[in-house]
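Note sheet for the following structure.
Protein chains: 2
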Amino acid sequence: MAENQHFASIIRAYDEYRAWGLAKADRLERHYGKLSDADRAVMRVDNKVAGMRAAVEQNARVIAQLVAPHRASVPAGDDPRVQVAMPQPDGSTRFVPTSRTDYVPESDLEKVQSTLKQFVREWGAEGRAERESAHGPVLDALRKEFPQPEGVRVLLPGAGLGRLVWEVAMAGYVAQGCEFSYFMLIAADFLMNRLGAAQETVTLHPWALQTCNAVSAADQLRPAVAPEVPPSDLPEESNLSMCAGDFLEVYRDSEAAWEALVTLFFVDTAHDPSEYVRAAWRMIADGGVWINMGPLLWHFHDMPGEVSIELTWQELRSLIVACGFVFEREEWCRCSYTCNPQSLYQMQYNCIFFVARRPPRQPADGSEP
Amino acid sequence: MAENQHFASIIRAYDEYRAWGLAKADRLERHYGKLSDADRAVMRVDNKVAGMRAAVEQNARVIAQLVAPHRASVPAGDDPRVQVAMPQPDGSTRFVPTSRTDYVPESDLEKVQSTLKQFVREWGAEGRAERESAHGPVLDALRKEFPQPEGVRVLLPGAGLGRLVWEVAMAGYVAQGCEFSYFMLIAADFLMNRLGAAQETVTLHPWALQTCNAVSAADQLRPAVAPEVPPSDLPEESNLSMCAGDFLEVYRDSEAAWEALVTLFFVDTAHDPSEYVRAAWRMIADGGVWINMGPLLWHFHDMPGEVSIELTWQELRSLIVACGFVFEREEWCRCSYTCNPQSLYQMQYNCIFFVARRPPRQPADGSEP
Chain A
1 MAENQHFASI IRAYDEYRAW GLAKADRLER HYGKLSDADR AVMRVDNKVA
51 GMRAAVEQNA RVIAQLVAPH RASVPAGDDP RVQVAMPQPD GSTRFVPTSR
101 TDYVPESDLE KVQSTLKQFV REWGAEGRAE RESAHGPVLD ALRKEFPQPE
151 GVRVLLPGAG LGRLVWEVAM AGYVAQGCEF SYFMLIAADF LMNRLGAAQE
201 TVTLHPWALQ TCNAVSAADQ LRPAVAPEVP PSDLPEESNL SMCAGDFLEV
251 YRDSEAAWEA LVTLFFVDTA HDPSEYVRAA WRMIADGGVW INMGPLLWHF
301 HDMPGEVSIE LTWQELRSLI VACGFVFERE EWCRCSYTCN PQSLYQMQYN
351 CIFFVARRPP RQPADGSEP
Chain B
1 MAENQHFASI IRAYDEYRAW GLAKADRLER HYGKLSDADR AVMRVDNKVA
51 GMRAAVEQNA RVIAQLVAPH RASVPAGDDP RVQVAMPQPD GSTRFVPTSR
101 TDYVPESDLE KVQSTLKQFV REWGAEGRAE RESAHGPVLD ALRKEFPQPE
151 GVRVLLPGAG LGRLVWEVAM AGYVAQGCEF SYFMLIAADF LMNRLGAAQE
201 TVTLHPWALQ TCNAVSAADQ LRPAVAPEVP PSDLPEESNL SMCAGDFLEV
251 YRDSEAAWEA LVTLFFVDTA HDPSEYVRAA WRMIADGGVW INMGPLLWHF
301 HDMPGEVSIE LTWQELRSLI VACGFVFERE EWCRCSYTCN PQSLYQMQYN
351 CIFFVARRPP RQPADGSEP
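Taken in order, these protein sequences are the chains called A and B. For the first sequence, UniProt numbering gives the first residue as 1, with consecutive numbering after it. For the second sequence, UniProt numbering gives the first residue as 1, with consecutive numbering after it.
Pasting the structure below:
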């Protein structure tokens, strides 16, 4: 898809959230209509549905703020190369440019929903436990490895909403995040640059549409405030940057350019993890380290037509060793990911936490340089 | 769908498992083909793919055993009322009877896969921890409530592969399971009646196709043996029965017929949970109890066109109280469900465990009878 059209489709998905969310409240209300008046009154479900609508409206207001400055980047014209087959009332099919169809796939709306939950994971008070379990060991390893942070370059692909990049920069390192998803990039810009500069927070209701496994309506509708710390706390002399794009493309020519590569819930985003391993080897400086934390939920495993080289941890590990890395730490860490702490459903990953070194180069004759 | 046609579609799904599983191994092998020979050799992925195929073949052999006696029940003819739209090579659509299409929806194949995992949950050694956490409190509550089990009638809807029904019967109660899914009923018959009578076990590879979050190929391909205890251990004088059908239909006329109703991972299978609550009230004898363990993962929540009255625990609880039940115990229990203990992905439910009593009837004047 042409880049501009792709960007436009992301904005459309954000814009569609309100109607999509309200339709979910409508559906539930319709089903509750089958209950007797007495049952509905006992359970006060009408109040809850009203609360769900109010929550969706509030989420939509935040989304509108988030998207506003990016509308100018959406091309007015259509790219005639990108068309969608639309069924016509007479049964035939006509191809029309994407932007005229207002078509938003369900998967994109779920990404909007995930982005709202990501606000909590990365910048909300309720996300603290998740951050401690996932970011904690990574930051500790970085500090142990490089007690003097000045000038130490750390690259974090899959940066999401930028919290760990920010923490790494706060700790004094030269931190660069890279992110592929426009959903994340737009939200990260909002949180870190715009809210950050204004020292403001936003209130979201990230679980409002989760009608399964809720303890109470109050739980389901509870608000989350983000950010819990002002991103602008970053000292003047800090060095934080964010890069938009595919890690493999953006750093194609990057060689020995980073003292540390930090992959947090990232290696399983690969079509072909061997490309990630070789890119890591190429871009990490001699003597530098690769720090990883995450599971192996291969992102393309259920996508028809996508290459998806799904490896076990032992397989991936043997590839990393064959490439030349030396494992110095290898542990299992329990971490959840955008998990609703109040839900009856609780998931956790047994994450692979490792520190692998690219050994310092030895001169050809084996003597000390 | 006509009942016979429905049954035929279940058998077709079981029969289709082998081709479906082998296609998954083929797909992975095709993707691994993009790796260099050296990488493939280092990771020994070719061995793994061969192991996956062998595992699927073994699973298919067990499935063939399981299905064999039920083939006679599949009608030879077609029910012309049940047709499926099949796209034709010329672009048109033709309606053909279901049984001629060999069409098996992906969701049915996933149910076959789930049934294999259910073998482990209910009857395998690796399922012990799951059973202890979920069955343990239920059996304890039953024993505390009815220390003399003789003649105490216990109904267990959503009986699955029958393990808890069997445990309840082993403890001396009159145990009746009810199950709606033919996938489960066919497998339960195989495990409890046929393997049970022959004192045999089967070996399955329930995780063989789980290519995400695996630690090693050996983990992924490891066998599970079931049953770990012979179902035929049940003493002669035991009283165990299984009923096929929809709980609401089967027990439509059941009144005050059970001293205990045990719902294990069951209340969330309702389209309308208020119907379950009223059925529970009607069928439990005066002074009897409803024992529940499970989350609220409403089964129809994501099915278009299905009624799905999704309630929070507080809402459901208020309905149960309004109906007349008195809660005597109410606790949260952590239980997983067909979770692969070796996977990097670990999920648990914070289950609602309750004991609610249908109070003994008081005579109209309030005096003792």
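Idealized CB from N, CA, C, for every residue including glycine.
- In the displayed model, A/F247 falls within a helix according to three-state DSSP.
- DSSP links B/P157 through a beta bridge to B/C178.
- Those residues of the stretch 338 to 350 of chain A placed with their C-beta closer than 7 Å to a C-beta in chain B are L344, Y345, Q346, M347, Q348, Y349, N350, ordered along the chain.
- With the rule of 3 Cβ pairs closer than 8 Å, the stretch 318 to 326 of chain B does not count as touching the stretch 184 to 199 of chain B.
- Counting along the chain, B/M192 sits inside no alpha helix (DSSP H), nor does DSSP assign it H or E at all.
- Secondary-structure assignment with DSSP links A/N292 through a beta bridge to A/T263, A/F354.
- Below the 8 Å Cβ cutoff, chain B contributes T312, W313, Q314 as neighbours of A/V215, in chain order.
- Residue burial is scored here from C-beta neighbours: B/H205 has at least 16 other C-beta atoms within 10 angstroms and is therefore classed as buried.
- Fewer than three beta-carbon pairs drawn from the stretch 340 to 351 of chain A and the stretch 245 to 252 of chain B are found closer than 8 Å, and the two stretches are therefore not classed as touching.
- Under DSSP, no beta-bridge partner is assigned to A/I63.
- Leaving aside the five residues that flank A/R128 on each side, none in its chain has a CB nearer than 6 Å to its CB.
- Between B/C335 and the set B/S133, B/Y251, B/L66, B/A197, the nearest pair of CA atoms involves B/S133.
- In this structure A/V307 is exposed. Its beta-carbon is surrounded by fewer than 16 other beta-carbon atoms within 10 angstroms.
- Residue pairing by DSSP places A/F327 opposite A/A356 in a beta bridge.
- For B/T115, the enclosing alpha helix (DSSP H) begins and ends at 106 to 123.
- Interface residue (Cβ-Cβ distance to chain A less than 8 Å): B/T203 is not classified as such.
- DSSP places B/M303 outside both helix and strand once states are collapsed to three, so it counts as coil.
- Taking 8 Å as the CB threshold, A/K144 stays off the interface with chain B.
- Scanning chain B for C-beta atoms nearer than 7 Å to the C-beta of A/L28 yields E310, reported in chain order.
- By the neighbour-count criterion, in which 16 or more other beta carbons inside 10 Å mark a residue as buried, B/P157 falls on the buried side.
- Look at B/W281 here: in three-state DSSP terms it is helix.
- A straight line joining the alpha-carbon of B/Y32 with that of B/R40 spans about 7 Å.
- Per DSSP, B/L204 lies in no alpha helix (DSSP H) segment; the continuous beta strand (DSSP E) that holds it begins and ends at 202 to 204.
- Setting aside the 5 residues that flank it on each side, A/A256 is surrounded in the same chain by A285, each with a C-beta closer than 6 Å to its C-beta; the list follows chain order.
- As computed with DSSP, A/N239 is found in a beta bridge with A/V174.
- Within chain A, no C-beta atom comes nearer than 9 Å to that of B/D46; the closest sits roughly 11 Å away.
- Between A/H6 and A/I186, the CB-CB gap reaches or exceeds 8 Å.
- The count of Cβ pairs closer than 8 Å, one atom from the stretch 145 to 162 of chain B and one from the stretch 206 to 222 of chain B, stays below three, leaving the stretches out of contact.
- By alpha-carbon distance to B/C333, the top candidate from B/Y103, B/F354, B/V67 is B/F354.
- Between the C-alpha atoms of B/R27 and A/K144 there is a straight-line separation of about 43 Å.
- Using a C-beta cut-off of 8 Å, the stretch 308 to 319 of chain A makes no contact with the stretch 108 to 116 of chain A, since fewer than three inter-stretch Cβ pairs fall below that distance.
- A/C351 and A/P295 do touch by the CB rule: their CB atoms are close to 6 Å apart, below 8 Å.
- Residue burial annotation: A/T263 is buried, with at least 16 other C-beta atoms found within 10 angstroms of its C-beta.
- Listed along the chain, the chain A residues whose CB falls inside 9 Å of the CB of B/V326 amount to none; the nearest CB is some 16 Å away.
- The continuous beta strand (DSSP E) containing B/A226 extends over residues 224 to 226.
- Remark: fewer than three beta-carbon pairs, one from each stretch, lie closer than 8 Å, so the stretch 16 to 23 of chain B and the stretch 356 to 365 of chain A are not flagged as touching.
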